[in-house]
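Residue numbers (the numbering used here): 953 to 1245.
The beta carbon of each residue, even a glycine, is placed where N, CA and C say it ideally should be.
Because the structure is a prediction, the values reported are computed rather than measured.
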Amino acid sequence: NERETAKSRVYIHNGQPVLILMSGNDEVNETKLGSILGGEVRPGHQEELKEITGADAGSIGPIGFKHRIIADLRLKDGNNLFSGANKNDYHIGGIDLQRDVPNLEYADLRIVESGENCSNCSNTIEVFKAIELGHIFKLGTKYSEGLGAMFLDENSKENPIIMGSYGIGVERVLACFIEQNNDENGIIWKKPLSPFDVHLIGLNMKKEIVVEACESIFNELSENKFDVIFDDRTNVQAGFKFSDADLLGMPIQIIVGERRLKENQVELKIRATGERINVGINELSSKIKELLK
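This is the structure:
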């Protein structure tokens, strides 16, 4: 019975072993564990387990463990439990944590599962995958002790500062945005995060009329503070340019071709919707400004 099993996991906290006890069908939430312990926390390596406990993973338990032990709240006052005996292939039954494990600490350490009741309201919990965009770590006193970063308490006694670290991962923000804004052809950037506002595509760049028009459009848009990426390749067919533009996903594509230039127009493609619009060259800047609002 998983409920009657006290599963043991060894972690190394600031160089010292800590035994974590979980109900057999629960897993350790290492984020919770890190917040509780502070400092550096990592799972014990296989070779460390044997040295610390005398046994390999699967045969480790709290009885006779000579270091700090923390049990999940689900095991509080647990008795008649089954756990490893710290000897390979041996286990102990009938364990009463209060009786058999002195100085045992308790904390909320488990990973919750979908469908469980929320501890703060009457609703059920829904669990889904997410991307960590920001993080906060409690570093404890490891670095402040090394740096001599101290403060005086109310008794004028020096103590090391308890340090923390926080940050937002710019790369993760971009990765999250791309995951949420894409189609089968590529990225669909929105103005606030897009590397460029406009993707300028010149068709048949061997034609002087196309080259001159593209250069004029590029200069005008740049002067009007638009960020422009210009595909001026001469050795690539139009289809490849269109595919690459969709893959890169800038909000607006400007397609400059000889046929429409004769009418003093270019074609705009809105990446998010695929809508195409013919626009006079003289109206181009104002139209792009309108579309990017």
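Check, Outcome
"Inter-stretch contact (C-beta, 8 Å, three-pair minimum) for the segment 1004-1013 and the segment 1021-1038", "yes"
"Where the alpha helix (DSSP H) through Gln896 begins and ends", "A query on residue 896 cannot be resolved here, the shown segment of the chain reaching from 953 to 1245 and no further."
"Rounded Cβ spacing between Ile1181 and Met1202 (contact assumed at less than 8 Å)", "6 Å"
"Where Lys1241 sits in the DSSP three-state scheme", "helix"
"Glu982 to His1043 span [Cα, whole Å]", "26 Å"
"According to DSSP, residues forming a beta bridge with Arg1212", "Paired residue(s): none; Arg1212 is not in a bridge."
"Same chain, Cβ closer than 6 Å to Arg1223, five either side skipped, listed in chain order", "Ile1140, Gly1201, Pro1203"
"Counterpart residues of Asp1135 in DSSP-defined beta bridges", "Gly1138"
"Touching by the beta-carbon criterion (3+ pairs, under 8 Å), the segment 1104-1118 and the segment 1137-1156", "no"
"Reduced DSSP secondary structure (H/G/I, E/B, other) of Leu985", "helix"
"Limits of the unbroken beta strand (DSSP E) element including Asp1041", "Careful: Asp1041 lies outside any beta strand (DSSP E) and carries neither H nor E."
"Short Cβ contact (8 Å threshold) for Ile972 with Leu1061", "yes"
"The segment 1145-1153 touching the segment 1190-1198, judged by at least three CB pairs closer than 8 Å", "yes"
"Burial state of Phe1178, where buried means 16 or more other Cβ atoms lie within 10 Å", "buried"
"With 16 other Cβ atoms within 10 Å as the buried cut-off, status of Cys1070", "exposed"
"Separation of Ile1233 from Leu1173, as counted between CA atoms", "11 Å"
"Reduced DSSP category for Ala1059 - H, G, I as helix; E, B as strand; rest coil", "strand"
"Bounding residues of the beta strand (DSSP E) (the contiguous stretch that carries Lys1002)", "No beta strand (DSSP E) holds Lys1002; the alpha helix (DSSP H) holding it covers 998-1005."
"Where Asn1025 falls, given that 16 or more other Cβ within 10 Å makes a residue buried", "Per the sequence shown, residue 1025 should be read as Leu rather than Asn. Exposed, because fewer than 16 other Cβ atoms sit within 10 Å of the Cβ of Leu1025."
"Inter-residue spacing [alpha-carbon to alpha-carbon] between Asn1133 and Ile1015", "53 Å"
"Reference Gly1116; option with closest CA among Gly1030, Gly991, Lys1221", "Gly991"
"Beta-carbon proximity list for Ile1012, same chain, < 7 Å, skipping 5 on both sides", "Ser960, Val962, Leu1001, Thr1005, Gly1036, Asn1038"
"Distance, Glu1235 Cα to Glu1242 Cα", "11 Å"
"Test item: CB-CB of Ile1088 and Tyr1058 under 8 Å", "no"
"Exposed unless 16 or more other CB atoms sit within 10 angstroms - verdict on Phe1103", "exposed"
"Length-filtered (4 minimum) alpha helix (DSSP H) runs lying within the segment 1090-1157", "1094-1099, 1122-1132"
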